[in-house]
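*Asks:*
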Amino acid sequence: MFPRTAFTITVNPKIPPRLKRLEELANNLWYSWDRSTRTLFSRLDPHLWEAVGHNPKAFLKRVDESALIKAAEDRSFLTTYNSILSSYDSYHDASTAPSNEGLDPQEQIAYFCFEFGFHESLPIYSGGLGILAGDHCKAASDLHLPFVAIGLLYRQGYFSQTIDSLGNQQVTYTVSNFDDFPVTPVSREDGSSLQIKVPLPHRDVTLKVWQAKIGHVTLFLMDADLPENSPQDRYITHNLYGGDKVMRIEQEIILGMGGVRILQALGIKPTIWHINEGHAAFMILERIHSLVQQGLDFASALESVAVNTVFTTHTAVPAGHDHFSKEMMHTYFDNFYRSLNITHEEFMALGHIPGSPDFNMTALAIHGSRTHNGVSKIHGDVSANICRDLWPQIEPEENPISYVTNGVHVPTFLAQEWSDLFDRYLGHEWRNKLCDIDYWSRIDEIPNHLFWSVRQSLKSQLFYGIRSRISEQNARNRGSDAHLDRLLKFVDPINPNILTLGFARRFATYKRATLLFHNLDWLRKIIHDQERPVLLLFAGKAHPADVPGQDLIRDISQIAHSPEFEGRLLLIEGYDLRLARRLVSGVDVWLNNPIYPLEASGTSGMKAGINGAINLSVLDGWWGEGYDGKNGWAIKPGLENMEGALRDQEESRALYEILQDQVIPQYYNHGKLGYSPEWVRMAKHSMMSLLPRYSATRMVDEYVTKFYRSASRKGMSYAANDFSDAKILAKWKTKIKHAWHGVTLRRLDTPCERIHFNENLNFKVAANLHDLSPDDVVVELLICRQFKTTKLGNFNHFKFEFTGTKDSHEHIFELKLTPELCGKQEYFIRIHPYHSLLTHPLEMGLMVWL
Ligand SMILES: *Cc1c(COP(=O)(O)O)cnc(C)c1O
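In terms of full-length UniProt numbering, the sequence shown is residues 1 to 850.
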């Protein structure tokens, strides 16, 4: 080739004045749940719309001006455009606010997360966590909450996946042009763009701040790829979950500390700080630091920060919690402890979990928050158990870790066909009734044949999509046309009447993507029936460092290539939000079979359920509470300590039996109707039972009522009068910590073994309080009728009264009790520290039992 220079020039169309607001629509992720907006863009040029990956902003910069001019003259286009604008405006009109869930205007939520998934046009997510965070923001916008979010703007995001003919996952990173993203630089009042600095060893890293609009909500994103930074530092925000531990800690310092600095720079004063997964927990240090700089002592600053911090954990595997070695902490936080006026040991204790020398981000998040939760009922218990050592004298079931079960943003994941049908049968108000359980029983009013035809039409659309994806895959992998025909034999959009199962998620080993293939002979029998065929669709990414995960992809690919499964099992590459929307709405059955209890929640099954697909899942995560016996199928997990291979055998067997005895016969029980009424009944029941319970609106609503409101109010009252309450509580805790090891309890009354109903019992104990006063403690009796297994949560609590001192150092507490029930009862007596300013009565983790 001759030496030559390639010059480039970009030509952008001029948007006709009439269509000027297309730019506004392209810059608000409102389009990620408003399908009519996306359709409007695609109408201008469907091919370009596909080529730019459904990205309105990139689209508007490339679309031919002639198409715009034509549209500006096209009546029907303009009518749709105007009607979209009017619903956009009424959504954004504050005066039509449905509710702000009882938060006052000066209250403000700041939500920190490592990843956010709204739409495929902003690829800064990897999977469930990010999409959940995206849905949280969307629901916060729908509810008009005072809400901002903080994250990182990754230049290359997560990776794009292709799968070669041998089943190897190929990873590609695309360098994005942020001008194409629905983000804009945040500017200061003088018009300059906002940059902040975050200290890393021997240097400050400069970060440019961008913002994305999600309806009413603003998301601030930080980007280190600036000429001001060294070449290495420019890479810090390049990849999500890429790089080594150094990159990870630097990203987390930027997210946590930089996030706080952005809010300070913009004068935003959150009264609720939500840490969504431990990655963002360094924000606690930055906030404490800034209070200590203002003159507050460390302990009071910690109380003041923790009281309005909410921490959500999403991991059920202890190894999945981020942690950094002592040496790394030394490198990054060398002298930081001095600026907090504490010792190095006290600093390291913030991230300490007994049994590990590392600094643990979950421990930091828990020490620095007073509200902590898992993401399903089962996961709440699992998390309480994982973190039990942080409350050393408390049983896990009594420690402060509670739960809020995840939900999904219904407008994002509900297919257009359903919203159209709801408009017709339920009226437009269904959008404001997302959490109304009774209301959704009206799904029953939809005639069965219409319900069925929506299902078929969604499946047909899915099939069109699959055909084009599989063709592309096949061509790239140099498969023949004959091969393609065999692959697509059962994927017939014209007649999509084949029972279709979907499985798509991260290929992490605990999700057991290959459980269905445990016994291939059995599976072959099940899906090969001429009259009742079954199609299996699989998709998902494995983290590039997860070798066993990639092996699973290869295993599935090999089975899919074997003559007997060819065409009946399809492995579709590039799982992302777009494919997810298609799959969850188009398949008949959504399969999930993790190893109990490792699925924290799972959300894809919720997306399937609201679209009338039926779940077939292990009773783990959300399905443990979502399954009601009639809305799908449940695989009962083997015992927790069951050996892996045996468990897989047992549970795959259960899976095959459910498929052959229930799912397949029920689906194909058509009769003369052309569809199975039994199937439709179950799908309807699934939809009406899941939609109102697993919407993100219900989830965010629950965060507000359970956590946000009280955290915000308590935070404000702690800070009032120069932090007087924070100081009082901090001082009190210090006193308790010093005294507690000497506290003892002994019983003075003689235990009585039998009484008659309505007779009184008089309990009397003496406590040696070791410098504490009776006001500092609660002595209580817990009583419950005796069963085989009695949980502490089932006990009734009765508080003793302080009645005097004995021999100057013992305090006497008494309780008069008339048991309310007959029969044998079990009771315990115990003492724990108590102060009315505590968020959770047992938050100190101290307890002495008699
Ligand atoms: C919903 C979703 C997930 C999370 O699904 P799980 O059930 O938690 O595995 C992951 N990736 C995408 C693209 C999703 O849409």
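Note that the Cβ used here is the ideal one computed from N, Cα and C, for glycine as well.
From the DSSP output, read off the bridge partner residues of residue 185.
*Replies:* As a first step, residue 185 is located in the sequence shown; it is residue number 185 there, counting from the start. DSSP, once it has assigned bridges, lists 210 as partnering residue 185.
*Asks:* Buried or exposed: where does residue 573 fall if 16 or more other Cβ atoms within 10 Å of its Cβ makes it buried?
*Replies:* On the sequence shown, residue 573 is found 573 positions in, with the first residue counted as 1. Classified as buried, residue 573 has 16 or more neighbouring CB atoms from the shown chains inside 10 Å of its CB.
*Asks:* CB-CB under 8 Å to residue 570, same chain, minus the five flanking residues each way: which ones, in chain order?
*Replies:* Numbered from 1 along the sequence shown, position 570 holds the residue referred to as residue 570. Correct list, in chain order: 466, 470, 487, 491, 535, 536, 537, 538, 560.
*Asks:* If you run the structure through DSSP and keep just helix, strand and coil, what is residue 757?
*Replies:* Residue 757 sits at position 757 when you count from the first residue of the sequence shown. Correct three-state label for residue 757: coil.
*Asks:* Following a CB-centred definition, is residue 576 positioned closer than 7 Å to any heavy atom of ligand 1?
*Replies:* The residue labelled residue 576 in the question sits at position 576 within the sequence shown. For ligand 1, at least one heavy atom lies less than 7 Å from the Cβ of residue 576.
*Asks:* Helix, strand or coil for residue 1? Go by DSSP, reduced to three states.
*Replies:* By 1-based counting over the sequence shown, the position of residue 1 is 1. Here residue 1 sits in coil by DSSP.
*Asks:* Where does residue 526 fall in DSSP's three states?
*Replies:* Here residue 526 corresponds to residue number 526 of the sequence shown, with the count starting at 1. It is helical.
*Asks:* When the Cα atoms are used, what is the spatial distance from residue 474 to residue 208?
*Replies:* If you number the sequence shown from 1, residue 474 lands on position 474. If you number the sequence shown from 1, residue 208 lands on position 208. Their backbone Cα atoms lie some 42 Å apart in a straight line.
*Asks:* Do the stretch 400-408 and the stretch 437-453 touch if we need at least three Cβ pairs shorter than 8 Å?
*Replies:* no
*Asks:* With the cut-off set at 8 Å, would you say residue 226 and residue 234 are in Cβ contact?
*Replies:* On the sequence shown, position 226 is the one that residue 226 refers to. On the sequence shown, position 234 is the one that residue 234 refers to. Yes, the Cβ-Cβ distance between residue 226 and residue 234 is below 8 Å.
*Asks:* Would you say the beta carbon of residue 138 comes nearer than 7 Å to a heavy atom of ligand 1?
*Replies:* Residue mapping note: residue 138 aligns to position 138 of the sequence shown, counting from 1. Not under cutoff, so the answer is no.
*Asks:* Could you tell me the distance, in whole angstroms, from the CA atom of residue 16 to the CA atom of residue 44?
*Replies:* The count along the sequence shown starts at 1 and reaches residue 16 at position 16. The count along the sequence shown starts at 1 and reaches residue 44 at position 44. Spanning the two alpha carbons is a distance of roughly 13 Å.
*Asks:* Can residue 542 be considered in contact with ligand 1, in the sense that its beta carbon sits closer than 7 Å to one or more heavy atoms?
*Replies:* To locate residue 542, count along the sequence shown from 1; it is residue 542. With a threshold of 7 Å, the Cβ atom of residue 542 does not count as near ligand 1, since no heavy atom of the ligand is closer than that.
*Asks:* Given 7 Å as the limit, tell me if residue 556 has its C-beta closer than that to any heavy atom belonging to ligand 1.
*Replies:* Position 556 of the sequence shown, counted from the first residue, corresponds to residue 556. No; taking the cut-off as 7 Å, the Cβ of residue 556 has no heavy atom of ligand 1 nearer than that.
*Asks:* With a threshold of 7 Å (Cβ to nearest heavy atom), would residue 604 be considered close to ligand 1?
*Replies:* In the sequence shown, residue 604 corresponds to position 604, counting from 1. Yes.
*Asks:* DSSP three-state label for residue 847, please.
*Replies:* Residue numbering aside, residue 847 sits at position 847 when the sequence shown is read from its first letter. Correct three-state label for residue 847: coil.
*Asks:* For the alpha helix (DSSP H) holding residue 35, just list the boundary residues, first then last.
*Replies:* As a working note, residue 35 is residue 35 in the sequence shown. Where residue 35 is concerned, the enclosing alpha helix (DSSP H) stretches over 35-44.
*Asks:* Where does the unbroken beta strand (DSSP E) through residue 634 begin, and where does it stop?
*Replies:* Stepping through the sequence shown from its first residue, residue 634 is reached at position 634. Segment 632-635, the beta strand (DSSP E) holding residue 634.
*Asks:* Sort out for me which residues DSSP pairs residue 273 with in a bridge.
*Replies:* Walking along the sequence shown from the start, residue 273 turns up at place 273. According to DSSP, residue pairing for residue 273 in a beta bridge involves 110, 309.
*Asks:* Rounded to whole angstroms, what is the Cα-Cα separation between residue 61 and residue 604?
*Replies:* Within the sequence shown, residue 61 is the residue found at index 61, counting from 1. Within the sequence shown, residue 604 is the residue found at index 604, counting from 1. Approximately 33 Å between the Cα atoms of the pair.
*Asks:* Quick one: using the 10 Å Cβ neighbour count with 16 as the cut-off for buried, is residue 787 buried or exposed?
*Replies:* Numbered from its first residue, the sequence shown carries residue 787 at position 787. With fewer than 16 other Cβ atoms within 10 Å, it is exposed.
*Asks:* Within the stretch 710-780, note down every full beta strand (DSSP E) run reaching 3 residues or more, in order along the chain.
*Replies:* 744-747, 761-768
*Asks:* Hey, could you find the ends of the beta strand (DSSP E) residue 590 is sitting in?
*Replies:* Within the sequence shown, numbered from 1, the residue matching residue 590 stands at position 590. From DSSP, the beta strand (DSSP E) with residue 590 extends over 589-592.
*Asks:* Report the start-end ranges of each beta strand (DSSP E) in the stretch 532-566 that is 3 residues or longer and not cut off at the edges.
*Replies:* Restricted to the stretch 532-566, the beta strand (DSSP E) segments that are unbroken, complete and at least 3 residues in length are 534-539, listed in chain order.
*Asks:* Under 7 Å: does the beta carbon of residue 862 sit that close to some heavy atom of ligand 1?
*Replies:* Because the chain is modelled from 1 through 850, residue 862 falls outside the range shown and cannot be assessed.
*Asks:* Identify which residue in 552, 30, 729 has its Cα closest to the Cα of residue 182.
*Replies:* Taking the sequence shown and counting its residues from 1, the one referred to as residue 182 is at position 182. Closest by alpha carbon: 30.
*Asks:* Hey, how far is the Cα of residue 717 from the Cα of residue 615?
*Replies:* Numbered from its first residue, the sequence shown carries residue 717 at position 717. Numbered from its first residue, the sequence shown carries residue 615 at position 615. Near 46 Å, if we compare the C-alpha coordinates of residue 615 and residue 717.
*Asks:* For residue 137, name the three-state secondary structure that DSSP assigns.
*Replies:* For the purposes of this step, residue 137 is taken as the residue at position 137 of the sequence shown. Of the three classes helix, strand and coil, the one that applies to residue 137 here is helix, per DSSP.
*Asks:* Leaving out the 5 sequence neighbours to the left and right, which residues in its chain are closer than 6 Å to residue 312 when beta-carbon positions are compared?
*Replies:* Locating residue 312 in the sequence shown gives position 312, where the first residue counts as 1. Excluding positions up to five away in sequence, the list reads 276, 373.
*Asks:* In this structure, how does DSSP classify residue 125 when only helix, strand and coil are distinguished?
*Replies:* Within the sequence shown, the letter at position 125 stands for residue 125. Residue 125 falls in the coil class under three-state DSSP.
*Asks:* What would DSSP say about residue 827, mapped onto helix, strand or coil?
*Replies:* Residue numbering aside, residue 827 sits at position 827 when the sequence shown is read from its first letter. Three-state result, residue 827: strand.
*Asks:* Is there at least one non-hydrogen atom of ligand 1 closer than 7 Å to the beta-carbon of residue 281?
*Replies:* Here residue 281 refers to the residue found at position 281 of the sequence shown. No.
*Asks:* Apart from the five residues on each side of it in sequence, which residues of its chain come closer than 7 Å, Cβ to Cβ, to residue 393?
*Replies:* Taking the sequence shown and counting its residues from 1, the one referred to as residue 393 is at position 393. Correct list, in chain order: 845, 846, 847.
*Asks:* With C-beta atoms as the reference, is residue 450 less than 8 Å away from residue 415?
*Replies:* On the sequence shown, position 450 is the one that residue 450 refers to. On the sequence shown, position 415 is the one that residue 415 refers to. No, the Cβ-Cβ distance between residue 450 and residue 415 is not below 8 Å.
*Asks:* Under the assumption that residue 740 contacts residue 835 (Cβ atoms under 8 Å), give the Cβ distance between them as a whole number of angstroms.
*Replies:* Here the question's residue 740 lines up with position 740 in the sequence shown. Here the question's residue 835 lines up with position 835 in the sequence shown. Not really, about 13 Å apart at Cβ, beyond 8 Å.
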